[in-house]
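All remarks here apply to the structure that follows.
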Amino acid sequence: MQPEVIQSLLQIGPTHYLVLGATLFSLGVLGFLVRSNIIVLLMCIELMINGAGITFITFCRQLGSLEGQVFVLFAMVVAAVEIAVGLSIVVLVFRNRSTLDADKMEVLKW
Amino acid sequence: MEQIFFYTAFAIAVISAASVVLQNKVMYSALSLIITLLTVAWIYAMLSAPFLAIVQVILYAGAIMVLLLFVVMMFRYDETEHKRLRPDLLGVFSVLVAVIFAGVLVSLFSCSCFENAPVPADFGSIKSIGSVLYTQYLVPVELASVLLLVAVVGAVMLAVKR
Chain Z
8 MQPEVIQSLL QIGPTHYLVL GATLFSLGVL GFLVRSNIIV LLMCIELMIN GAGITFITFC
68 RQLGSLEGQV FVLFAMVVAA VEIAVGLSIV VLVFRNRSTL DADKMEVLKW
Chain X
63 MEQIFFYTAF AIAVISAASV VLQNKVMYSA LSLIITLLTV AWIYAMLSAP FLAIVQVILY
123 AGAIMVLLLF VVMMFRYDET EHKRLRPDLL GVFSVLVAVI FAGVLVSLFS CSCFENAPVP
183 ADFGSIKSIG SVLYTQYLVP VELASVLLLV AVVGAVMLAV KR
């Protein structure tokens with residue numbers, strides 16, 4: 008490998024953290040698109056929120072302002088709310104239709 | 063030193079996140095997600111956000127995942143074990159997500175403007191976050207508490223048997 012490539016890999020900067028955030032977000036998107044279990048879909052949303060959170064924290068460190076950390080705090084609150092309501096909806100759906108498969112829930116489809 | 067910590071965290075986070083997506087059983091996915099969330103807390107600590115790292119462990123990896131695991135354990139085993147992935151969708155969506163991800167990588171590495179900025183010593187401490195949270199962001203904090211109240215009432219409303 009080129010020396011400057013090795014140098015840029017060894018010098019940990021904001022770009023490395025941004026790549027990690029993008030990777031987590033992409034994996035969350037991929038899981039959301041290909042899985043069919045509703046609970047796993049909720050978990051993939053959590054993955055996406057965390058990828059976005061890493062990006063927020065990286066830029067907030069980079070810019071030296073605390074707004075990003077406050078935003079991630081609010082994102083955690085919203086994630087907790089989303090999981091609580093989402094899981095009770097999952098329980099309700101399972102009680103009515105006896106399945107957790109998102110592909111089998113097609114009442115609202117056309 | 064930072065390199066070792068970062069690349070270890072990177073490897074653990076990516077492997078466990080991939081495991082969330084690829085695991086056959088929902089319980090294994092949930093346990094992998096706990097590992098991912100703890101690694102994200104580690105990353106927060108490395109990015110001088112110690113308060114958020116602690117909140118991530120307590121609230122995310124603790125409270126939210128306990129709730130999720132309780133619900134996973136409420137279902138029968140054969141309901142939580144599904145055909146894992148849809149092979150017809152997997153190819154198309156993998157390519158799509160890979161293209162978007164590659165675009166993000168190219169745009170990140172083509173921009174050389176990112177340098178580590180020096181931060182003050184108490185950056186991200188509870189005191190500094192609290193002073194921002196309860197002065198500048200007072201109204202959003204109150205709205206968040208209303209949101210939590212609505213969520214509690216809504217979850218009970220949905221779960222109650224009629």
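Going down the list, the protein sequences come from chains Z and X. If you want our numbering, it's the position in the first sequence, counting the first as 1, plus 7. If you want our numbering, it's the position in the second sequence, counting the first as 1, plus 62. Every residue, glycine too, gets a C-beta built ideally from N, C-alpha and C. Note that this is a predicted model, so its numbers are computed, not measured.
Between the alpha carbons of X/Val214 and Z/Val84 lies a gap of roughly 12 Å.
One thing to note: Z/Leu27 has its Cβ within 9 Å of the Cβ of X/Phe72.
The segment 86-104 of chain Z and the segment 207-222 of chain X touch, with three or more beta-carbon pairs separated by less than 8 Å. Residue burial annotation: X/Cys173 is exposed, with fewer than 16 other C-beta atoms found within 10 angstroms of its C-beta.
At least one beta carbon of chain Z lies nearer than 9 Å to the beta carbon of X/Val83. In the DSSP assignment, Z/Pro21 falls within the alpha helix (DSSP H) that extends over Pro21 to Val41.
A contact is defined here as three or more CB-CB pairs under 8 Å, and the segment 102-117 of chain X meets this definition with respect to the segment 64-81 of chain Z.
Between the segment 50-63 of chain Z and the segment 154-173 of chain X, the count of Cβ pairs shorter than 8 Å is below three; the stretches do not touch. Contact check between the segment 10-19 of chain Z and the segment 38-46 of chain Z: fewer than three CB pairs, one atom from each, fall below 8 Å, which does not count as touching. Taking a C-beta distance under 9 Å as the contact criterion, X/Leu121 and X/Ala92 do not qualify as a contact pair. Contact note: Z/Gln76 reaches chain X through Ala111, Leu114, Gly186 and Ile191, using a C-beta cutoff of 7 Å and chain order. Taking 7 Å as the cut-off between beta carbons, the residues of the segment 9-22 of chain Z near chain X are Leu17, Ile19, Gly20, Pro21 and Thr22, in sequence order.
At least 9 Å separates the CB of X/Ala183 from every CB of chain Z. The C-alpha of X/Leu84 is placed about 29 Å away from the C-alpha of Z/Leu80.
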